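Read the structure below first, then the notes.
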Amino acid sequence: MSADIESVVLEKICFSGKFALQLDESTDISGHSQLLANERFVDGDSIRENFLFCKALPEKTTAEEIFRVTSEYLEQGQLKWENCTCVCSDGAAAMIGRTKGFVSRVKAIHPDDILTHCFLHREVCDGKTECDIKSNITYDPGVCKYLETTYDCFTHHSVTCGGSQSKLQCGENTVIVVSWANYGRRDKTTCPDGRPDSQLQNVYCSWSSSMEYFNSCTVEAPSSVDPCHGTYEYLEVFFTCQGKLLKQ
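Taking the numbering used here, I'd label the letters of the sequence shown as residues 6 to 253.
This is the structure in structure tokens:
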């Protein structure tokens, strides 16, 4: 992260007042240990998540070293542990040890901190249509543990330039549910197709609609419909694939 971007992020965290940390002890391709940190904070009406830092760790990493590196960074950025509401970590022993682990040290100086485990399970699956998650937590022997996961399947997005066709397709036993469709133009960069600037300027014209359930369908951006006179339009569709039972 460049120094100017880092400065802006730290300034926003300080202004927010509260923040959450996500830490992962990892190894790079050269075999050296690295500590990676993400953070979350409230920025106006939104919750922001940003990469915060990547710091080298000694070959034999200890909880004390992880705590020192993290604390020094927070201090340099004028952030305080007392304003950290949650720490999420991986399953390394140096992180989660009950008496000497990093999270134990955090809890000792800030008892109200919420401690959670393994945010990287989420990162492994983000942006994929399917993924495998292994519940291989090894701490607290003798205790029967389970991994609880909450996930969402995000909307598909299709853009069809004017006069063209696109096919929307869902898998077996699912149907297309179109949540929003728009024919017109909302920006100057989608479907430029070598058009003159005069045909890309009007980004405030549109014709919206919604559709019923299909397993697959072909959508067309018809040249006969012209809601934005003199503007090259495109058809934009947002849809999800849902089980057929949802139709009943």
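Heads up, the beta-carbon is just placed ideally off N, CA and C, and yes, glycines get one too.
Fair warning: this is a prediction, and the values are worked out from it, not measured in the lab.
| Item | Value |
| --- | --- |
| Outcome for D29 when other beta-carbon atoms lying within 10 angstroms are tallied against a minimum of 16 | buried |
| Host beta strand (DSSP E) of T236 (start-end) | First-last for T236: undefined, no H or E at that position. |
| For L57, the nearest candidate out of L15, P63, W86 and T223 (CA to CA) | L15 |
| Coil, strand or helix - K65 by DSSP | coil |
| Supposed contact pair F107 and I71 - C-beta distance, whole angstroms, cut 8 Å | 5 Å |
| Contact check, A226 vs S184, beta carbons under 9 Å | no |
| Which listed residue (C175, C196 and F46) has its alpha carbon closest to that of T245 | C175 |
| Length of the line joining the Cα atoms of S171 and V224 | 5 Å |
| Proximity winner among S38, D9 and L120, relative to V92 (alpha-carbon distances) | L120 |
| E30: first and last residue of the uninterrupted alpha helix (DSSP H) it sits in | Counting along the chain, E30 falls outside any alpha helix (DSSP H), though it belongs to the beta strand (DSSP E) covering F24 to T32. |
| CB-CB length for R191 against Y237, believed under 8 Å | That pair is no contact at about 13 Å. |
| Assumed close pair Y254, T165 - CB separation to whole angstroms, cut-off 8 Å | This structure cannot speak to residue 254, because the chain is shown only from 6 to 253. |
| Enclosing alpha helix (DSSP H) for E44 [first to last residue] | Not the alpha helix (DSSP H): E44 falls in the beta strand (DSSP E), residues S38 to D48. |
| Nearest-angstrom Cα separation, counted from L40 out to A61 | 6 Å |
| N- and C-terminal bounds of the alpha helix (DSSP H) containing L15 | A8 to S21 |
| Residues near P63 by beta carbon distance below 8 Å, same chain, minus five either side | S38 and E70 |
| Spatially closest choice to R45 from I10, C149, C89 and I114, by CA coordinates | C89 |
| Reduced DSSP category for L251 - H, G, I as helix; E, B as strand; rest coil | The pLDDT assigned to L251 is 40, lower than 50, so where the model puts this residue is not dependable, and the model offers no usable value. |
| Coil, strand or helix - L84 by DSSP | coil |
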